[in-house]
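Quick notes on the structure that follows.
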Amino acid sequence: MPSVQDWINSPLGAVDALFAQNSSRSDWERKIVEYFKEKLKVNDAQSWVPSLNDVPLHYLKPNSLVKFRCMIQDMFDPEFFMGVYETVDPSTNSKVLRCGKYKDVTDCGQIDFNSKNAVTSERQTFYCVPIPGESQWYSFAGSSQARVVPSTSYTPNRHKRSYEEDDDMDTQPQQDKENTDSKRLETEAPSHNASPSHCSSNLDLNFPLPGERGPACLVKVYEEWDGFKLNDMLEVFGILSVDPALSLIAEDKEASSMLDPTESMETMEEQRAHSPPASLVPRIHMLYAQPLQHNNPLLPSAVSEDKAAFLNGILGELASVRAELQTYLTHVFLGDSLAAEYLILNLISSVYARRDVLPLGKFALNISGCPHTSPYTEHLYQAIQQLVPSSYRLCMSLNNMNSQRMVPRKDYTANRLVSGTLQLASNTSLFLDETQLEQGQLDTTGVQNITALGNLISWQKVDYDFNYHQMEFPCNINVLIASEGRSLLPCDCQVHLCPALNPPNLEEYLKTIQLAQVSSQLNKYRIYLSVARSLDYSISDQMTKEVEEDFVEMRKDDPQSVSAEDLHRMLIVARLLSLSYGQTSLSRENWMKAKQMELVRISRTQQQKCVNGNEP
Numbered sequence: 008m009p010s011v012q013d014w015i016n017s018p019l020g021a022v023d024a025l026f027a028q029n030s031s032r033s034d035w036e037r038k039i040v041e042y043f044k045e046k047l048k049v050n051d052a053q054s055w056v057p058s059l060n061d062v063p064l065h066y067l068k069p070n071s072l073v074k075f076r077c078m079i080q081d082m083f084d085p086e087f088f089m090g091v092y093e094t095v096d097p098s099t100n101s102k103v104l105r106c107g108k109y110k111d112v113t114d115c116g117q118i119d120f121n122s123k124n125a126v127t128s129e130r131q132t133f134y135c136v137p138i139p140g141e142s143q144w145y146s147f148a149g150s151s152q153a154r155v156v157p158s159t160s161y162t163p164n165r166h167k168r169s170y171e172e173d174d175d176m177d178t179q180p181q182q183d184k185e186n187t188d189s190k191r192l193e194t195e196a197p198s199h200n201a202s203p204s205h206c207s208s209n210l211d212l213n214f215p216l217p218g219e220r221g222p223a224c225l226v227k228v229y230e231e232w233d234g235f236k237l238n239d240m241l242e243v244f245g246i247l248s249v250d251p252a253l254s255l256i257a258e259d260k261e262a263s264s265m266l267d268p269t270e271s272m273e274t275m276e277e278q279r280a281h282s283p284p285a286s287l288v289p290r291i292h293m294l295y296a297q298p299l300q301h302n303n304p305l306l307p308s309a310v311s312e313d314k315a316a317f318l319n320g321i322l323g324e325l326a327s328v329r330a331e332l333q334t335y336l337t338h339v340f341l342g343d344s345l346a347a348e349y350l351i352l353n354l355i356s357s358v359y360a361r362r363d364v365l366p367l368g369k370f371a372l373n374i375s376g377c378p379h380t381s382p383y384t385e386h387l388y389q390a391i392q393q394l395v396p397s398s399y400r401l402c403m404s405l406n407n408m409n410s411q412r413m414v415p416r417k418d419y420t421a422n423r424l425v426s427g428t429l430q431l432a433s434n435t436s437l438f439l440d441e442t443q444l445e446q447g448q449l450d451t452t453g454v455q456n457i458t459a460l461g462n463l464i465s466w467q468k469v470d471y472d473f474n475y476h477q478m479e480f481p482c483n484i485n486v487l488i489a490s491e492g493r494s495l496l497p498c499d500c501q502v503h504l505c506p507a508l509n510p511p512n513l514e515e516y517l518k519t520i521q522l523a524q525v526s527s528q529l530n531k532y533r534i535y536l537s538v539a540r541s542l543d544y545s546i547s548d549q550m551t552k553e554v555e556e557d558f559v560e561m562r563k564d565d566p567q568s569v570s571a572e573d574l575h576r577m578l579i580v581a582r583l584l585s586l587s588y589g590q591t592s593l594s595r596e597n598w599m600k601a602k603q604m605e606l607v608r609i610s611r612t613q614q615q616k617c618v619n620g621n622e623p
């Protein structure tokens, strides 16, 4: 049986050994999966496995066990392969059954294609990309768990880097070294302004966000692939395949289709999209995939006893951390504590259920009154980016609205889903900077993009373009809109910014505020936001009755003063306020605070309307 090191460095050896022991039984495939699952459960074994997110591809040993934290960007058609095949030794005529799973190319002997023992199997292929918008702090925060030293059983390809570069690396600070390593040999995503013909004819890594960096992978799935959905976040454990023969096979197929298109069922564009060079898009043969409920490296990633113990240990600290975070965000909002309160509610909001078409739990927030003549919104986004695992700032300039591809569309020529800005993983913070929108005319694309943003905010869904029809994909995106006046987009709540401070140098002030936050303090905020978002919530019968009585009392003098919509918003604020304090049920105190916050917010908004010359 393979040693402890061999199951990581040479997993195919473990697969072959288990197959040889169990090939006469029908459950040999299950035995192989169980073997690796058990290995990964031991102590901190998952951290021993090199990560494609952290280690450059040329440092990883081919056919070794790797992991990849990713989002499913596309799903290709199933493919057939030789699950079991028989080889013949020409000299002795002896035959041996071999396992064909978890590999792209057979590596032994002459195959007997007429063998009755051969088994043709089916597998699914997912096109996976790094989680879009993942913050830079992720690698440093999760380094003790995910970043590993490449195996010493092989020598890295040193010719990939010059000796001068190595000398430079030795003199760089550790953080700069990590930044350089993480960006080396990475490929930048092409602009979303590319034309459809460009997308079909040339290879790109199809990242949802423009300017994204990182590896893309073809993940081969052998079982239960119906349990996965588009845009799911996964941590995949599997066998890395970068065999150069894959590129030669793809070139041969492309050449034959050019000579005689009738010989191939695939178009040349489809072959390029589905069989990219393995050096650019490696293959991972999945042994095990762990669905990620979130991508915060500071928390346990799945429901388990570890997570329950973690939550029990931290719940008592949530209120104090909340107070510190609220103080920090008040400084970011130039002394406006109300805006800071509402931003916390926005950052912990999450769709927890859907009633018919209505998503429950969303809380899209519009911070109006943001200055457009200064880089304020950019610094506000940077502060949020330091707090959440994934985020994206969409500058709503006229050019971006009219040219950026936001809605994914199906390219039938290449038979793939061409990604768009709104193909995001769950709980991504989407920062819409409306202060960048200047006067001008929205063209057809611009109108479609505004409509798509409105649908995402109102219904938490994106309608993907399949040419002849649209397909609805639900999402769970935290939306924050920064604007001068009231946003042109719908929102659940508008807070007008009322600064209490007027620093002489706004940019210098904001930089100082952010630099004052040390990593340990930021990590507390990051844990706090993820934990508060994950808590369950309920309202007792007694509190339900009190809320109803309050509603009747508020409408007694003026029935038009408080509408059912206002009550609904107060209940949302009360729910999020309770969760922000680590409380899983509504108390009288939090209900009264929610009402007071809403009264102050509405009063402020009405005053601003009067200042602008509008009717309150």
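Anchor point for the sequence shown: position 86 equals 93 in this note's numbering, and the numbering is continuous, going up by one each time.
Idealized CB from N, CA, C, for every residue including glycine.
(1) Which of helix, strand or coil does DSSP assign to A507?
(2) When we look at the beta-carbon of V156 and count the other beta-carbons within 10 Å, is it buried (16 or more) or exposed?
(3) DSSP beta-bridge partners for S398?
(4) Assign S476 to one of two classes, buried (16 or more other C-beta atoms within 10 Å of its C-beta) or exposed (fewer than that).
(5) Please list the segments of the beta strand (DSSP E) lying wholly inside the stretch 50-85, counting only runs of 3 or more residues, in order along the chain.
(6) For S142, count the other beta carbons within 10 Å of its own beta carbon; 16 or more makes it buried, fewer makes it exposed. Which is it?
(7) What are the start and end residues of the alpha helix (DSSP H) that includes V328?
(8) When we look at the beta-carbon of A252 and count the other beta-carbons within 10 Å, is it buried (16 or more) or exposed?
(9) Tell me, to the nearest whole angstrom, how far the beta carbon of L72 is from that of I246; I am working on the premise that it is less than 8 Å.
(10) Quick one: which unbroken alpha helix (DSSP H) runs of 4-plus residues sit fully inside the stretch 439-475? Chain order, please.
(11) Are A539 and M78 close, meaning C-beta to C-beta below 8 Å?
(12) Would you list the one or two residues that DSSP bridges to H292?
(13) Is the beta carbon of A390 closer than 8 Å to that of Q521?
(14) Which residues mark the beginning and the end of the beta strand (DSSP E) in which Y134 is found?
(15) Within this structure, are the beta carbons of S58 and R37 separated by less than 8 Å?
(16) Between V136, D211, F244 and N303, which lies nearest to W14 when the distance is taken from Cα to Cα?
(17) Once the 5 residues before and after R608 are set aside, which same chain residues still bring their CB inside 7 Å of it?
(18) In this structure, does DSSP put A285 in helix, strand or coil?
(19) Exposed or buried, what is L216 when buried is set at 16 or more other beta-carbons lying within 10 Å of its beta-carbon?
(20) Do three or more CB pairs link the stretch 478-487 to the stretch 321-329 at distances below 8 Å?
(21) With H, G and I counted as helix, E and B as strand and the rest as coil, what does DSSP make of F26?
(22) Could you name each continuous beta strand (DSSP E) segment of 3 residues or more that falls completely within the stretch 495-581, going from the start of the chain to the end?
(23) Run through DSSP, which three-state label would K369 get?
(24) E479 lies in the beta strand (DSSP E); which residues open and close that run?
(25) By the three-class DSSP mapping on this structure, what secondary structure does A280 have?
(26) Would you report the Cα separation of Q430 and R400, rounded to the nearest angstrom?
(27) Please classify M408: does DSSP put it in a helix, a strand, or coil?
(28) Please look up how many angstroms separate the CB atoms of P415 and S465, rounded, as I've assumed it's under 8 Å.
(29) Under 8 Å, do C224 and P284 count as touching if we go by C-beta distance?
(30) Give the straight-line distance between the Cα atoms of S436 and L536, rounded to the nearest whole angstrom.
(31) Just curious, the alpha helix (DSSP H) that L387 is in, first and last residue?
(32) With respect to the beta strand (DSSP E) encompassing K417, which residues constitute its N-terminal and C-terminal limits?
(33) Suppose contacts are defined by Cβ-Cβ distances below 8 Å. Is G221 in contact with N60 by that definition?
(34) Would you call L365 buried or exposed, if buried means 16 or more other Cβ atoms sit within 10 Å of its Cβ?
(35) K110 by DSSP, collapsed to three states: which one?
This is what the structure gives:
(1) coil
(2) In this prediction, V156 scores a pLDDT of 45, lower than 50, which makes its location untrustworthy; no coordinate-derived value is stated.
(3) S436
(4) Correcting the residue type first, residue 476 is His in the shown sequence and not Ser. Classification for H476: exposed.
(5) 72-82
(6) buried
(7) L325 to V339
(8) exposed
(9) 6 Å
(10) 451-466
(11) no
(12) K227 and I246
(13) yes
(14) V126 to V136
(15) no
(16) F244
(17) L345 and V502
(18) coil
(19) buried
(20) no
(21) helix
(22) 500-503
(23) coil
(24) Q477 to P481
(25) helix
(26) 14 Å
(27) helix
(28) About 19 Å separates the two Cβ atoms, so there is no contact after all.
(29) no
(30) 12 Å
(31) Y383 to Q392
(32) R416 to D418
(33) yes
(34) exposed
(35) coil
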